[in-house]
Every structure is written in structure tokens, then in C-alpha cells.
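Undergrad: One structure coming up, written as C-alpha cells, with questions to follow.
There are 2 protein chains.
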Amino acid sequence: MLHLNAFLMTVGHHESAWRFPESGLTAAWDVAHYRHLARVAERGRFDSVFFADGPSLQGDVRHRPVGRLEPTTLLAALAGATEHIGLIATASTTYEEPYNLARRFATIDHISGGRAGWNIVTTAGREAAQNFGLDDVPAHRHRYERAAEFVEVCLRLWDSWEDDFLLGDKESGRYADGDRIHTIDHIGRFFRVRGPLNVPRTPQGHPLLVQAGSSSDGREFAARYAEAVFTAQQTLAEGQAFYADLKARVAAAGRDPDLVKILPGIVPVLGRTEAEAAERAHELERLQVAEYGLRQLASLTGIEVTEADLDKPLPDGGVDVTEVQGAQSRFALVTDLARREGLTVRQLLGRLGGGRGHRTVTGTPAGIADTMEEWYTSGAADGFNVMPPLLPSGLEEFVDHVVPILQRRGLFRTAYTGSTLRDHYGLPRPANRFAPTPAAP
Amino acid sequence: MLHLNAFLMTVGHHESAWRFPESGLTAAWDVAHYRHLARVAERGRFDSVFFADGPSLQGDVRHRPVGRLEPTTLLAALAGATEHIGLIATASTTYEEPYNLARRFATIDHISGGRAGWNIVTTAGREAAQNFGLDDVPAHRHRYERAAEFVEVCLRLWDSWEDDFLLGDKESGRYADGDRIHTIDHIGRFFRVRGPLNVPRTPQGHPLLVQAGSSSDGREFAARYAEAVFTAQQTLAEGQAFYADLKARVAAAGRDPDLVKILPGIVPVLGRTEAEAAERAHELERLQVAEYGLRQLASLTGIEVTEADLDKPLPDGGVDVTEVQGAQSRFALVTDLARREGLTVRQLLGRLGGGRGHRTVTGTPAGIADTMEEWYTSGAADGFNVMPPLLPSGLEEFVDHVVPILQRRGLFRTAYTGSTLRDHYGLPRPANRFAPTPAAP
Numbered sequence: 001m002l003h004l005n006a007f008l009m010t011v012g013h014h015e016s017a018w019r020f021p022e023s024g025l026t027a028a029w030d031v032a033h034y035r036h037l038a039r040v041a042e043r044g045r046f047d048s049v050f051f052a053d054g055p056s057l058q059g060d061v062r063h064r065p066v067g068r069l070e071p072t073t074l075l076a077a078l079a080g081a082t083e084h085i086g087l088i089a090t091a092s093t094t095y096e097e098p099y100n101l102a103r104r105f106a107t108i109d110h111i112s113g114g115r116a117g118w119n120i121v122t123t124a125g126r127e128a129a130q131n132f133g134l135d136d137v138p139a140h141r142h143r144y145e146r147a148a149e150f151v152e153v154c155l156r157l158w159d160s161w162e163d164d165f166l167l168g169d170k171e172s173g174r175y176a177d178g179d180r181i182h183t184i185d186h187i188g189r190f191f192r193v194r195g196p197l198n199v200p201r202t203p204q205g206h207p208l209l210v211q212a213g214s215s216s217d218g219r220e221f222a223a224r225y226a227e228a229v230f231t232a233q234q235t236l237a238e239g240q241a242f243y244a245d246l247k248a249r250v251a252a253a254g255r256d257p258d259l260v261k262i263l264p265g266i267v268p269v270l271g272r273t274e275a276e277a278a279e280r281a282h283e284l285e286r287l288q289v290a291e292y293g294l295r296q297l298a299s300l301t302g303i304e305v306t307e308a309d310l311d312k313p314l315p316d317g318g319v320d321v322t323e324v325q326g327a328q329s330r331f332a333l334v335t336d337l338a339r340r341e342g343l344t345v346r347q348l349l350g351r352l353g354g355g356r357g358h359r360t361v362t363g364t365p366a367g368i369a370d371t372m373e374e375w376y377t378s379g380a381a382d383g384f385n386v387m388p389p390l391l392p393s394g395l396e397e398f399v400d401h402v403v404p405i406l407q408r409r410g411l412f413r414t415a416y417t418g419s420t421l422r423d424h425y426g427l428p429r430p431a432n433r434f435a436p437t438p439a440a441p
Numbered sequence: 001m002l003h004l005n006a007f008l009m010t011v012g013h014h015e016s017a018w019r020f021p022e023s024g025l026t027a028a029w030d031v032a033h034y035r036h037l038a039r040v041a042e043r044g045r046f047d048s049v050f051f052a053d054g055p056s057l058q059g060d061v062r063h064r065p066v067g068r069l070e071p072t073t074l075l076a077a078l079a080g081a082t083e084h085i086g087l088i089a090t091a092s093t094t095y096e097e098p099y100n101l102a103r104r105f106a107t108i109d110h111i112s113g114g115r116a117g118w119n120i121v122t123t124a125g126r127e128a129a130q131n132f133g134l135d136d137v138p139a140h141r142h143r144y145e146r147a148a149e150f151v152e153v154c155l156r157l158w159d160s161w162e163d164d165f166l167l168g169d170k171e172s173g174r175y176a177d178g179d180r181i182h183t184i185d186h187i188g189r190f191f192r193v194r195g196p197l198n199v200p201r202t203p204q205g206h207p208l209l210v211q212a213g214s215s216s217d218g219r220e221f222a223a224r225y226a227e228a229v230f231t232a233q234q235t236l237a238e239g240q241a242f243y244a245d246l247k248a249r250v251a252a253a254g255r256d257p258d259l260v261k262i263l264p265g266i267v268p269v270l271g272r273t274e275a276e277a278a279e280r281a282h283e284l285e286r287l288q289v290a291e292y293g294l295r296q297l298a299s300l301t302g303i304e305v306t307e308a309d310l311d312k313p314l315p316d317g318g319v320d321v322t323e324v325q326g327a328q329s330r331f332a333l334v335t336d337l338a339r340r341e342g343l344t345v346r347q348l349l350g351r352l353g354g355g356r357g358h359r360t361v362t363g364t365p366a367g368i369a370d371t372m373e374e375w376y377t378s379g380a381a382d383g384f385n386v387m388p389p390l391l392p393s394g395l396e397e398f399v400d401h402v403v404p405i406l407q408r409r410g411l412f413r414t415a416y417t418g419s420t421l422r423d424h425y426g427l428p429r430p431a432n433r434f435a436p437t438p439a440a441p
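See below:
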């Protein structure tokens, strides 16, 4: 069975989405919009919904509704509006403190009955750095070293209460067994944290750990910690290579490769016919604002291009990818795409407008299901990070027309069989490092 | 009209609460428990519910369910479970970053339709410091200086989007007026924050600012920033003196004293008769665990007493209150109480067990309403921070039996007349410092 995550980005992943008639101008920060989307995804039996994040105003607000809600807070609101679906939010190890973040995700896991997931990011943008007292983003390697220590601290905090700490003896006044609640006494390079957490261990033991960095540092990090990986892959061959590489790294790290689920992004541009899908793709591209796309391109690659050069090839940035301190893997993907296909800047902006480097598939529901089945059965994906270009319609159409095809082919669940996010992804509840017990089946 | 805030503390404010038959052993981190409480308070037309907080495991878990949920996350969950009532959470300026916290409270204000409030604390405990890389709590004065700069940064971030930023021109592709969204370019002693926030301005402009420190530094801080103040006052005379002092400080700071609401804490121990109330008070005290109370006393005052000395007077801590780096005002209140009334340590623990220094009133609904009316009409309170010893029953009884008396006397609302927390407290929506406009009536 493949896994489906609904990546919910304001009014849609395509940068033109807000200009379509269906799009609400203030929906990007309207909880009712997200409640609806989460319920639609749950109706479609998705494993999870997911929100990206960075602690800065990202993108050009003059040309797109980039204001938004803080996603860990939003997850708590969605927990009460849904019953089954997993709830994943991004949070940054560079600009948070582990004690604070561990508490919030533990709280979401309790509130949702075990449906919380954390997409661990190190945050590449300079704008974010400048909201936290820095002049520029910390070095790539430094960020990943901090991330690893951050996650280690969180894992210990989440285990700091053993599952069976409770005595609950009202008669004698003994509430808990103090020997089963532990300080963690962490002293490291980045953090000193005494513990214990002030939240008891959660239904999932700890939230599902998700990771989306595909650089060399990112893959190594994923191999050690991730239970699900979101990734941008443009071609089947690239997807297969990434899948094989990451699973090998997981095995090399001493973990079971089956317990790390790899979900490439897919931007489905749907039509009842091929012609209708192509027409929608054309309309999305027609409504792109070049000025916005050029700013995004500069943000992804550091390559500055003016409108005068839209119909020329992408200039050479002259940057060694390993020197990129921002999002290394996305830089390489974008520049490789432009060169491999000989795209002009305008053509490249069209390709990036929907998914910022994620694969766009334009076609009928059956055609999109074919692509997904091919990737799933040929070793490129355990599932997909579905990125509708328009929201809510793109998700509604996917749930109503693509999901039933996947279900009929026996590729996707027709009902939820477990109650936690880990259940949906087929992952066990982790043992507690302070009191190892057999993991639940 | 007086104002009522429901201070929701796990299974009740009294340290014995968990030993009563009604108390759920895991209710302290069960969102269903808090949903019920918030709905009961809303049925009682309370202005708000409120959660205390500190980023550490506070109190002795062996003798009390001190594990809990992170309150800003919990507020987001309660927003969807209620329609009218204000939602206030504590968060620390010492252990958070302003950009992160400003986003979360802005998100709660959006999600709740303008019902968010932030109780600003500087966090006195050493345990918290040790979860954030420090050996001990930063000095009292230092914490308040950081708090002031922290709040200034948040206020600017909350104003960084003017209310009328939206163009929404789908035809031309112009989404927003970039001139109405501002960087804040803050450079201070503690923080450098560029902005803008990535959340648009909220229904209330910014969340209600609440403060609960009653030290000299705390009062000065409240005078500058607070819109509501929670305070612990043991006698009417002390309450009147605090009320007069704080209102004078507000005026001296150039603000309208009517726009800062002062709410002393009250722990109502209710009975249908005086005898029944006294019996309940006795039962609460009987179930106290001396070992727990002594640890709490040490935590509040720094005075270490053993069980052997329970029936002696409180020993002299020999500490100058201005040298206390933790909770200065609570230290003074506890030691003054013990000396003024000549209490033994055991008697003092009994008095502190319900509200840790807040006033306990034992009696019938009419008797408790009399006390509240007296404080309200004689210049000691604009309302009350209601701290039920048992939850849910203590809140249910207050709503069912005390609130109707206050309503019949014309002291309390019988229906909500506004939609935001500021509406409930009779406070205007603040103007935006980047685009001053008349405050809403």
C-alpha cells in the first residue's frame, strides 16, 4: 500500500493560485479553510496533512498571499476538527529551543490521540536569520550539526517519562513513581538541558520524525533520524537513484530501510481529458507574474536574472553546490533541470511555478494514477507528497477522482485501520530508551 | 460589571485535588478535560480561561499530577471547542524568542476570531533555567529588562502589517500593497529582529496583554504594558493598596487607569451551607501531603523546613526581599502571612495548599458573592481570577451557584455582548503604530 500526504500550502502550491476565482483572498490565514482541507484529505483516507514553515515572511507579498498561520498552533486546531488523519508541521532546529519544541509536539500528540509529526528543518533563508539576531544564515554543516543534537535532546525529553510512571494511589497520596521520571542531564555543543519534560510520554511515544533535506548532509540526517522523507525528484531515474541511495544510507546507519518511508512531491494538474488538463496548466502558467518568479528563482539559486533576460538560457551562477549555505539540493535540482532540458528562464519559471522544483504531472486522473503506480512499483517511492496547485479544488478533485482509482488498483487503503500517524505509515511505536520494552507490533 | 477569569490548573488548584474521587488520574493532559472546563466557563459567561505555565516540571510529581500540556498549543485546540470565551496562556519572555512567540499568539488570535491573551511572565524557577543552558535563573532586574524589550518587539511585529494592506487585484496580479507591510528593524540590548511578521494583523490588533508579577519591577512592567493584571492579595486592605498603587502607576505611565483591569485571585471553597463548606475545606487540608507542601514552601520562599518542625513557627529566612531573584512578591506575601497571623508551618501549609498564596474564601454561594462584591465595590478589584480547588466540580458549582447571584445583583453579564476578548474586558482595539487610526469604540 502506498502512502499519501497532503501538503497544504495556503490557497495552492501554484504561485498563480490566488488569481483563480475560487481562491479566497484571506483564506491563507483562515482556520476554516484548513479545517475543510484536512477533512477532505481525511475523506480521501490520506495518511497525513502537512504544513511547511519558516520563521520569516517568505516570497513577495505584493504578488502572492504569503502571510500564513504558525503551523504547530494550526495542528492543534485541526486535531479537534478531524479524527484519523496524521498532522505534520515543520519547525526549525536553528531558531527554536529543544525544550520548547519538544513540549509543543508532545502536546499535539496528546491532543490528537497520537497523530503528530514533526518535519525537521534547519531553515535556509537569510530573512529568517535576521529575525533572530543574526546577519546571515548559519553555515549548512553547522545547521545540521545543531539539528542532530537538537533531535537527540528531544528524543530524550520525550522518553523522560516512562509509560508506566503512574501509581495513582489516592488513599496513600502517592501519585507517581519518581524513579520512572528522569532528568536527561544533556550537556552538548549546542545545548544543555536538564529535563525531565513536563509532559508525560505521548500516545506515539514521540511524534513521527519527518525530514525533507536532500543534500548530502540532509540525507545523512534522514538516515539517522527520519521515519518519513519528503523529497523533490524531477524524473523517475532521479527518483530511483535517490530512493536507493537513501535506503542504503538507512541500512548503513543500522536501521531497517522499510521503516523509513520516502515520499516524492507531485503537483497534479488534473483534467477530465488530457486537453482540459493542458488548458488548466496553460492558465496557471499564463497568470504567473514574471517579477515574482524571478525573485523566487534568485531565492532558490542565488542567480539574479532581470525581465530583459526572460527568453535567454539560465545564466551560470558559477557556484559550487557544496558552497551553497542555503538549500543545497534545491539549488542543484533547479540548475540541473534548466540545463538538461535547455530551458529559457521563462520556461524554467513556468516549470517552477507549480512546485518550486517538485514534479508537476498534468493529465487525467487515470494518467496521474499511472505515473504514481509506476514510481511506486519501480523503486522510486513508498508514497507521495501530494501538492495540489489549487486549494481546495485541487485536493477535492484528487480525492474524488484519483484516490478511487488507486483504491481500485489495490494500491491505497479504503479505510483507516489504525489510530495513530505511525499506524498509518506502518511504523512501530518506539521503545523508551530509559525503560526499553518491546515495540508494539 | 465585574470581570471573571477561570484559572484552569490541571484537576484543581488545591494540591489535594487529585485525591478526590472525581479527579481523573490523567485528566491533567487530557484535552477533553479542558474542553469541558472551557465550555463550562463559557456557559457561565466568563470573560476568559487562563493557563499558567513554566518550561520545567514544577512541583513534586510523586505527590501531584504536575505533568501538563503546553498552553499556547492547548489554546488553539480550545478555540474550536468554544465560541465566545477569551483564551489566555502564559509564556515566558526569558526562554522564548519574540518572533516565534509573536507568531503563535497572532495565530491563536486569528484561529479564535480575536480571543487570544498572553500572560507575560519572566519565569522565576531554577529548574527552567537549567532546561535552557543556564545554571541558575537570570537576575530579577535582568529578566524584566529583557521582558520589556521582548514585548516591544512583539508589539511592532503585530503591527507590521497594516489592516488595509490587501489589494487583491486578481486581474492585474497585485495581491498586496507592499508599502503597508513593514520591516521593524529592531536593534536592542537583547534582540535584533528585522521583521515583518509572517502573519497578518489579527482581529484584536494584538492579543490582550496580561501580567501577574506584583514585585516593584512587576508593577512597573504592568503599568507600561498590561491590559489585565492577575494578583495574589490576602486581605481587603492589601487588595485596596495594590489596586490604588497599580492604577496610580498606570496613570503615571501616561495610560488610562480604566484600561487596565485588576483581578485578584480567589479560591472559592463552596458548600450549600457554611458547615458543608467548612467540611470540604477540612477534607482538602486533611489530604495534603506534608512532604509536598514543604517542597512548595521551599520553592516559594527558599526557606527549608523539615517535617520535625511542622508545629513550630516559620523560621526566619533572613533574606532581604529585594535580593530574591525568583518570585519576589510571592516570597513577601507568604512570609508576611505567616508572621501576621502567627501561623505554625503546618497551618501555613494548609493556607497555601489551595492557592499558593492566593486568597481562599470558604462559604456558601451568597457568602462568596458577598466577598466578591465587597472587593469590587470598595476599590480592590475590577474582577476576579477564579481558582477552583477542584476541577471540574469547583468550576461547575461556581457557574451554577455563584454566577447567578452576581448576575441577579447586576454585577455580571448575562450574555456576551462582543466577540473578542478585548470586547469582554471593555478594552479598545489598539491603533497600529505604523498607521495610526482611531481605535474602535
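Quick note, the sequences are listed as chains A and B, same order.
If you count by UniProt numbering, then the first sequence holds residues 1 to 441, one letter each, in order.
If you count by UniProt numbering, then the second sequence holds residues 1 to 441, one letter each, in order.
We treat Cβ as the ideally placed atom computed from N, Cα and C, and that holds for glycine.
Just so you know, these numbers come straight off a predicted model, no measurement behind them.
1) What residues of chain B sit near R280 of chain A, judged by a beta carbon separation below 7 Å?
2) Determine the DSSP secondary structure at E153 of chain A, reduced to helix, strand or coil.
3) Give me, in chain order, the residues of the same chain whose beta-carbon lies closer than 6 Å to that of G168 of chain A; leave out the 5 immediate sequence neighbours on both sides.
4) Going by beta carbon distance, what residues of the same chain come within less than 8 Å of H63 of chain A, once the five residues before and after it are set aside?
5) Taking Cβ positions only, does P441 of chain B come closer than 8 Å to chain A?
6) What residue does the beta strand (DSSP E) around H401 of chain B start on, and which one ends it?
7) In whole angstroms, what separates the C-alpha of T107 of chain B from that of S56 of chain B?
8) Taking H3 of chain B as part of the alpha helix (DSSP H), name the residues at either end of that continuous run.
9) Is the separation between the beta-carbon of R39 of chain B and that of T72 of chain B shorter than 8 Å?
10) If we ignore side chains and look at the alpha-carbon of each, how far apart do residue 443 of chain A and L411 of chain B end up?
11) For P203 of chain B, is the classification buried or exposed, using 16 other Cβ atoms within 10 angstroms of its Cβ as the cut-off for buried?
12) Tell me the rounded alpha-carbon separation between G67 of chain A and V11 of chain A.
13) Looking at L2 of chain B: is its Cβ nearer than 8 Å to the Cβ of G383 of chain B?
14) Which first and last residues belong to the beta strand (DSSP E) in which L208 of chain B is found?
15) Just how far apart, CA to CA, sit D53 of chain B and R201 of chain B?
16) What residue from B:L197, B:A76, B:W29, B:A89 has the CA that sits closest to P98 of chain B's CA?
17) One question on the structure: do G80 of chain A and A77 of chain B come within less than 8 Å of each other, judged by their Cβ atoms?
18) Whose Cβ in chain A lies nearer than 7 Å to the Cβ of Q130 of chain B?
19) Taking buried to mean at least 16 other C-beta atoms within 10 Å of its own C-beta, is residue 448 of chain B buried or exposed?
20) Could you please give the first and the last residue of the uninterrupted alpha helix (DSSP H) stretch that includes W118 of chain A?
21) Just to confirm my understanding: we take R19 of chain B, look at its own chain, exclude 5 residues before and 5 after, and list those with CB closer than 7 Å. What are they?
22) Anything in chain B within Cβ reach of V31 of chain A, meaning under 8 Å, just list it in chain order.
23) Tell me where the alpha helix (DSSP H) around N100 of chain B begins and ends.
24) Is the beta carbon of A223 of chain B less than 8 Å from the beta carbon of A253 of chain B?
25) Pull up the CB-CB distance for R156 of chain A and H110 of chain A, whole angstroms please, since I reckon it's below 8 Å.
26) In whole angstroms, what separates the C-alpha of P315 of chain B from that of H358 of chain B?
27) Ends of the beta strand (DSSP E) at K247 of chain B?
28) Taking all protein chains shown into account, decide if D423 of chain B is buried (16 or more other Cβ within 10 angstroms of its Cβ) or exposed.
29) Provide the residue(s) that pair with F191 of chain A in DSSP beta bridges, ordered along the chain.
30) Taking 8 Å as the limit between beta carbons, can you name the residues of its chain near T364 of chain B, skipping five residues before and five after?
31) On the criterion of 16 or more Cβ atoms from any shown chain inside 10 Å, does P441 of chain A qualify as buried, or is it exposed?
32) For residue 446 of chain B, which beta-bridge partners are listed by DSSP?
33) Using the beta-carbon of each residue, which ones in chain B are nearer than 8 Å to G12 of chain A?
34) Indicate the three-state DSSP secondary structure (helix, strand or coil) for I368 of chain A in the structure shown.
35) What in chain A is Cβ-close to E97 of chain B, meaning under 7 Å?
36) Using a Cβ-Cβ distance cut-off of 8 Å, determine whether I368 of chain B contacts chain A.
TA: Short version:
1) None at all; the shortest Cβ gap to chain B is about 16 Å.
2) Sequence check: residue 153 of chain A is Val here, not Glu. Three-state result, V153 of chain A: helix.
3) Exclusion of the five residues before and after G168 of chain A leaves no residue of its chain whose Cβ lies closer than 6 Å to its Cβ.
4) The beta carbon of H63 of chain A lies closer than 8 Å to those of E15, V289, E291, Y292 in the same chain, with the five residues before and after it left out.
5) Any reading at P441 of chain B is ruled out, since the residue's pLDDT is 49, under 50, leaving its predicted position unreliable.
6) H401 of chain B -> no beta strand (DSSP E), and no H or E assigned at all.
7) T107 of chain B and S56 of chain B have their C-alpha atoms some 24 Å from each other.
8) Unbroken run through H3 of chain B is the beta strand (DSSP E), 3–7; no alpha helix (DSSP H).
9) Contact: no.
10) Coverage of chain A is limited to positions 1 through 441, which leaves residue 443 of chain A absent and any answer about it impossible.
11) Label assigned to P203 of chain B: buried.
12) Each residue's Cα considered, the two are about 11 Å apart.
13) Yes, Cβ-Cβ distance for L2 of chain B and G383 of chain B is below 8 Å.
14) Its beta strand (DSSP E) spans residues 208–211.
15) A straight-line Cα-Cα distance of about 26 Å links D53 of chain B and R201 of chain B.
16) Nearest C-alpha to P98 of chain B: B:L197.
17) Contact: yes.
18) Those within 7 Å of Q130 of chain B in chain A are R194.
19) It is not possible to answer for residue 448 of chain B, since the shown part of chain B is limited to 1 through 441.
20) Membership of W118 of chain A in any alpha helix (DSSP H) is not indicated; the residue belongs instead to the beta strand (DSSP E) covering 116–121.
21) Excluding residues within five positions, the ones whose Cβ falls inside 7 Å are L287.
22) Those within 8 Å of V31 of chain A in chain B are A79, G80, H110, I111.
23) Residues 98–111.
24) Their beta carbons are under 8 Å apart, which means A223 of chain B touches A253 of chain B by this criterion.
25) About 18 Å; that fails the 8 Å criterion.
26) When rounded, the distance between both Cα atoms is 21 Å.
27) That residue, K247 of chain B, is in no beta strand (DSSP E); its alpha helix (DSSP H) goes 236–252.
28) By the neighbour-count definition (other C-beta atoms within 10 Å, threshold 16), D423 of chain B is a buried residue.
29) DSSP lists no beta-bridge partner residue for F191 of chain A.
30) In its chain, beyond the 5 residues on either side, L270, G271, R272, T273, E274, A277 have a beta carbon closer than 8 Å to the beta carbon of T364 of chain B.
31) Confidence at P441 of chain A is low in this model, with a pLDDT of 48, below 50, so its placement is unreliable and the value that follows should be read with caution. By the beta-carbon neighbour count (other beta carbons within 10 angstroms, threshold 16), P441 of chain A is exposed.
32) Chain B is shown only over 1 to 441; residue 446 of chain B falls outside these bounds and no answer can be derived.
33) Annotation: G12 of chain A has no Cβ neighbours in chain B at a cutoff of 8 Å; minimum Cβ distance is about 13 Å.
34) In the structure shown, I368 of chain A sits in a helix (DSSP, three-state: H, G or I).
35) Those are Y95, F132, listed as they occur along chain A.
36) I368 of chain B does not count as touching chain A.
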